[in-house]
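In order, the protein sequences belong to chains A and B. Position one of the first sequence corresponds to residue -12 (our numbering), numbered consecutively onward. Position one of the second sequence corresponds to residue -4 (our numbering), numbered consecutively onward. Structure, as structure tokens:
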Amino acid sequence: MNKKVLWIVCSVATVNMPALHAVCKKPSPPSNQYSSPDGVILEFRPSYFCPTSKVFRQIFHGGVNYQITGTFPVYHGENEWLHGLDIWGAVDYFSKKGHSTGLHTKTSITIVPLTLGIKYFFPSVGGDIPVNFYAAGGMKYFFVHTRNHSSHVKKTINVNGMGGVVEAGFITLFKEHLVFDVFASYSFKTLSGPSSHNPAVESTQLNISGFNVGLGIGYEF
Amino acid sequence: MGIHKAFCHYVLPILAFLTTFAKPAFADTAYATDIAGAIVDVIDTTTNAVTGFVSNSFTPFMNPVGIAVTPNSMFAYISDAGSANVYVIDTTTNAVTATVSNSLVPFLLPFNIAISPTGAFAYLIDVGNVNVYAIDVTTNATTAIVTNSFTPFVAPNGIAITPDGTTSYMTDGGSALLYVIDTMTNAVTGTVSNSFTPFVTPTDVVVSSVGTVAYMVDKGSATVYAIDTMTNAVTATVSNSFTPFNSPAVLAITPDGATVYVTDANVYVIDTMTNAVTGTVSNTFTPFTNPNQLAITPQGTAAYVIDDAGPYIYAIDIMTNAVTAIVSNSFTPFVNPFQIAISTVSAAPSVLPPASLSGKQIINTLPFQKEFVNTLTWTSSAGAVSYNVYRNGNLLASTGALKYQDFSIDRKQQYTYSVTAVNGSGAESGAISVTIP
């Protein structure tokens, strides 16, 4: 499913780039005293995920998270402060193999969260290479799939639930449309496992919260 | 030197020595509850002497009454009418290791116990609340109370279980019936039909090792009945051309099913082929006064009978049907020995148990799951080719490794594990035990 989503987003981005540019481009502000990204931005953002849960770290450590993210301007009026307000959407993919604590049996986890939120770009600073700092927050719906290579516990577990994310970073534009992004985020969610009927097994929660620090590269349409 | 002479002088003595050495020898331990002495005596059947008593760090014994040993001889169960407990004893250490947990109707006066020859469960008669409890020997917990849609229980007493563990027979002196219990459903399925002398006060019952015949003694009618376990009907009464039965009380049957012993004013010997008394146990020691409870060793070589008067515990040679000794007791004197049961272990095992055994519960943490695993590790034993792992007396596995992980546990339950070593000829050592967690 994750690969499909990635494929669709990338296809749309490459094939319809000029069309998107035409549709999504904001009208220019009345004066040039104000500047923030005024078009749709699509980015590919790899980052390092550092889980806050000790159990998660013991089993999987950290790992690389891949994200396709998009920001869509929502305000086209005169208020320069509202001009930096964008709708923010993203899909992530994190997959890692690990070993249980205790018996060190193989296990793996795949997390695919969908994010919908708001991102605010502050007015640009800098001269020749303007930089826009931004802050964002939103809801993050997590789909989690785990697989265990032990014959005595549940082999596969699929759970999902709503969490959240906050993020901060900055972007800069090169050659008008090329976007370079540096960001840090914190996502938070604790999910409960399905109940167990095996008296030797106890169902537990897993805290999948954690910090991401990464870079992004994208295109402004 | 001729061949014959050389054979007689050298080969035969060597063969005799080897035969003697290889002969399986057994050391049986008898356990006798003393209802008034509030102890459980441990008797060495080799010396016929009390060697100590069962140690108990749980609720102290008050009036221990019933006793039964698991088929593998690793555990004994003792009911205590005074403390209303059922104790589990490790026969390796002669110490109480657990009490039977009971979330059903509380015990009031737990009395007679019978353990299934399969070793999976036990039945306990409580004469106080007139209930019959099923006990899971693996978990040491009651699992059911026997239901009875027939004539209600009044005074249940003796109980026995068929070798395949499917059926139990229970006497009731109050209702004058012998009940048949289906052990799968824990329900009374009928009563034994009797077209002979009617039952008056059935007291005790035994089932043969092949399971085809049961014997029941009726104190009231002074009769011993033979019962076909296929039809659940009395097929004969035991004929007695010796001193007539007066008040027969307790039965025991030899492991080969050939002989039944019944206590009365004397100890009678019954041939199960003819269903006839063939004699009484000869006794050149202090004469029997009131012989009551008796038990036969698992090898069928000796019987032990408690005489309430005295009190004495007599050892009887099954071959000769003669008393060979009175059990000596240099510890706390017998006050009122009540019941006796016998466990057996190999006396001269050619393989020793592991020198050390350690056990711990490992928590295997996986995403969304915690798996609790009881893990045992032990040291190797010289000559051992495999190790048997027991949980609460039941064989879990045979392994050549020095480690065993038990995944099929209840994480809230405490288990006692025992490990024995097995040598190439199949001889099994004594056990070393550990309790987890």
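The C-beta atom is built at its ideal place from N, Cα and C for all residues, glycine as well.
{"Item": "Identity of the residue in 129(B), 361(B), 88(B), 84(B) nearest residue 102(B) by Cα", "Value": "129(B)"}
{"Item": "8 Å Cβ cut-off: residues of chain A touching residue 135(B)", "Value": "Residues of chain A passing the Cβ test: none, with the nearest at roughly 15 Å."}
{"Item": "Rounded straight-line distance, which links the Cα of residue 33(B) to that of residue 282(B)", "Value": "26 Å"}
{"Item": "Reduced DSSP secondary structure (H/G/I, E/B, other) of residue 406(B)", "Value": "coil"}
{"Item": "Nearest-angstrom beta carbon gap, residue 114(B) and residue 66(B) [assumed within contact, 8 Å]", "Value": "5 Å"}
{"Item": "Euclidean distance between Cα positions of residue 139(B) and residue 179(B)", "Value": "11 Å"}
{"Item": "Reduced DSSP secondary structure (H/G/I, E/B, other) of residue 321(B)", "Value": "strand"}
{"Item": "Residues that residue 134(A) bridges to, as DSSP identifies them", "Value": "95(A), 143(A)"}
{"Item": "Beta-carbon neighbours of residue 361(B), restricted to chain A and to distances below 8 Å", "Value": "46, 87, 92, 94, 133, 135, 137, 140"}
{"Item": "Chain A contact residues for residue 404(B), given Cβ-Cβ distances below 8 Å", "Value": "186, 187"}
{"Item": "Presumed contact (8 Å Cβ cut-off) between residue 228(B) and residue 155(B), rounded CB distance", "Value": "Actually they are not in contact, since the Cβ atoms of residue 228(B) and residue 155(B) sit about 17 Å apart, beyond 8 Å."}
{"Item": "Proximity test, Cβ basis, 7 Å: residue 431(B) and chain A", "Value": "no"}
{"Item": "Span of the alpha helix (DSSP H) around residue 45(A)", "Value": "41 to 47"}
{"Item": "Below-7 Å beta-carbon distance, residue 28(A) vs any chain B residue", "Value": "no"}
{"Item": "For residue 103(B), the three-state DSSP class (helix, strand or coil)", "Value": "coil"}
{"Item": "Cβ neighbour criterion (16 or more within 10 Å) applied to residue 373(B)", "Value": "buried"}
{"Item": "Under 7 Å (Cβ pairs) to chain A, residues found in the segment 360 to 384 of chain B", "Value": "360, 361, 362, 363, 364, 365, 366, 367, 368"}
{"Item": "Start and end residues, beta strand (DSSP E) containing residue 400(B)", "Value": "398 to 401"}
{"Item": "Residues of its chain near residue 220(B), where Cβ-Cβ distance is below 6 Å and the 5 sequence neighbours each way are ignored", "Value": "211, 229, 232"}
{"Item": "Residue nearest to residue 157(B) in terms of C-alpha spacing, selected from 148(B), 150(B), 144(B), 175(B)", "Value": "175(B)"}
{"Item": "Chain-ordered residues of the segment 160 to 190 of chain A with a beta carbon less than 8 Å from chain B", "Value": "178, 179, 180, 181, 183, 186, 187, 188, 189, 190"}
{"Item": "Chain B contact for residue 7(A) (CB, 7 Å cutoff)", "Value": "Caution applies to residue 7(A), whose pLDDT of 41 falls short of 50 and renders its modelled position unreliable; the model cannot decide the point."}
{"Item": "Cβ of residue 98(A) within 7 Å of any chain B Cβ", "Value": "no"}
{"Item": "Three-pair Cβ contact test at 8 Å for the segment 231 to 246 of chain B versus the segment 267 to 279 of chain B", "Value": "yes"}
{"Item": "One or two residues paired with residue 44(B) in a DSSP bridge", "Value": "39(B), 323(B)"}
{"Item": "Min CB distance residue 15(A) to chain B below 7 Å", "Value": "Because the pLDDT at residue 15(A) is just 45, under 50, the model does not fix this residue reliably, and the value given afterwards should be weighed accordingly. Taking Cβ atoms only, chain B never reaches closer than 7 Å to residue 15(A), which makes this a no."}
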